[in-house]
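These notes are about the structure you will find just below.
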Amino acid sequence: MDEQPVVVETVGRVGVITLNRPKRMNALNDALMDALGEALLRFDADDGISAIVMIGNAQAFAAGADIAAMASWSYMDVYRSDFITRNWETIRRVRKPVIAAVAGFALGGGCELALACDILIAAEDARFGLPEIKLAMLPGAGGTQRLPRAIGKAKAMDMCLSGRTMNATEAERSGLVARVVPADALRDEGIALATTIASYSLPALMAIKESVNRAWECSLTEGIAFERRQLHARFASEDAREGMNAFLDKRKLVFGHR
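For the sequence shown, this note's numbering puts the final residue at 266, and the numbers step up evenly by one.
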């Protein structure tokens, strides 16, 4: 496993991506982010997959960007290579639900990667932080934008300016994570959640994801209008017709994901 930056497998209609640099606490370098982006897009294009789980190991989801790789870079190096935008942002193109299952440390870029996922579940020992200030840097992979939206300005400022970490209990209380589970059950819980999600109509899942994400980026009036059009579009869906008829007939649903 050590030779591959990510390990990919499928469990039913769930795609599982394991970050795989255990000797470096899953530090995020270009090779890992390129492989992660490729795996995400492959699952997104696979008609047999409806949800994706991203997981690290017991010590770390990801302990941040690979500082050893970055230390000698100049402004022109990062500008010309389109650092972060070129490969870290691939996850924004994924239309299917993505779940981050976090154990151990999710720091810096690791925390930002988890924030970019649609649902975040945490093991009891998980710790989240954006310690870039300690290197005279700033969270530059979405941390200063997604964290305030998740937990509010006050706590986001506290974490970004002081570099302190947040444990799983506080993260759940603050709205950063959806649920906290025992560490030894994290993988199973993540796959179980993804399996439940994947049992539903894929077009409906994608419509919901797009609608919720729209709430972050537009006014309430615009968001409601977008949601309403998505609802209306469901009436052109074979799955929605199946869902309503199966409910009325009191029979098991059979979705064709159309």
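From the three backbone atoms N, C-alpha and C, an ideal C-beta is built for every residue, glycine too. It should be emphasised that the depicted structure is a prediction, and the values quoted were computed from it without experimental measurement.
Would you kindly work out how many angstroms separate the C-alpha atoms of residue i and residue j, rounded to a whole number?
i: A35; j: S209; result: 35 angstroms
i: M9; j: N253; result: In this predicted model, M9 has a pLDDT of only 47, less than 50, meaning its place in the structure is not dependable; the value taken from the coordinates is given anyway. When rounded, the distance between both Cα atoms is 47 angstroms.
i: D38; j: N95; result: 8 angstroms
i: N175; j: P190; result: 14 angstroms
i: R242; j: L48; result: 26 angstroms
i: S227; j: S219; result: 12 angstroms
i: L239; j: M33; result: 43 angstroms
i: R172; j: A73; result: 17 angstroms
i: D90; j: D257; result: 54 angstroms
i: T204; j: V102; result: 19 angstroms
i: D133; j: E246; result: 43 angstroms
i: R187; j: K217; result: 18 angstroms
i: R29; j: Q12; result: 8 angstroms
i: S207; j: G264; result: 11 angstroms
i: F255; j: R266; result: 18 angstroms
i: A53; j: V15; result: 18 angstroms
i: W224; j: L261; result: 32 angstroms
i: F312; j: R249; result: A query on residue 312 cannot be resolved here, the shown segment of the chain reaching from 9 to 266 and no further.
Is the closest heavy atom of the ligand ZN to the C-beta of residue i under 6 angstroms?
i: A73; result: No copy of the ligand ZN occurs in the structure displayed, which carries no ligand at all.
Need the endpoints of the beta strand (DSSP E) that residue i sits in, please.
i: E17; result: V14 to V19
i: A131; result: I127 to A131
i: I107; result: V106 to V110
i: N34; result: From DSSP, N34 is part of no beta strand (DSSP E); its letter is neither H nor E.
Tell me, to the nearest whole angstrom, how far the beta carbon of residue i is from that of residue j; I am working on the premise that it is less than 8 angstroms.
i: F69; j: A114; result: 4 angstroms
i: G112; j: G151; result: Actually they are not in contact, since the Cβ atoms of G112 and G151 sit about 18 angstroms apart, beyond 8 angstroms.
i: I25; j: L44; result: 7 angstroms
i: C168; j: L138; result: 5 angstroms
Considering only C-alpha positions, which residue in the set the options is nearest to residue i?
i: L146; options: K260, A223 and E120; result: E120
i: L143; options: A43, T204 and A79; result: A79
i: R181; options: G171, G160 and A193; result: G160
i: R222; options: I199, A162, D54 and R100; result: R100
i: R195; options: Q12, P13, L27 and A212; result: L27
i: E97; options: A149, R50, F51 and G198; result: A149
i: A66; options: F255, I141, D192 and V16; result: D192
The alpha helix (DSSP H) spanning residue i covers which residue range?
i: V262; result: First-last for V262: undefined, no H or E at that position.
i: T353; result: Residue 353 cannot be examined here, being either before or after the span of the chain that is shown, 9 to 266.
i: I205; result: L194 to A206
i: A76; result: I75 to M78
i: F234; result: L228 to R242
i: N221; result: L210 to E225
i: M145; result: Run containing M145: none; DSSP gives neither H nor E here.
Taking 8 angstroms as the threshold, find out whether the region 124-140 comes into contact with the region 96-107 through three or more Cβ pairs. Touching, yes.
Cβ contact check for the region 73-89 and the region 53-63: 3 or more pairs under 8 angstroms: Taking 8 angstroms as the limit for Cβ pairs, the verdict is that the region 53-63 does not touch the region 73-89.
Tell me whether the region 168-185 and the region 21-29 touch, counting them as touching only if at least three CB pairs, one residue from each stretch, are closer than 8 angstroms. Taking a contact to require three or more Cβ pairs closer than 8 angstroms, the region 168-185 and the region 21-29 do not qualify as touching.
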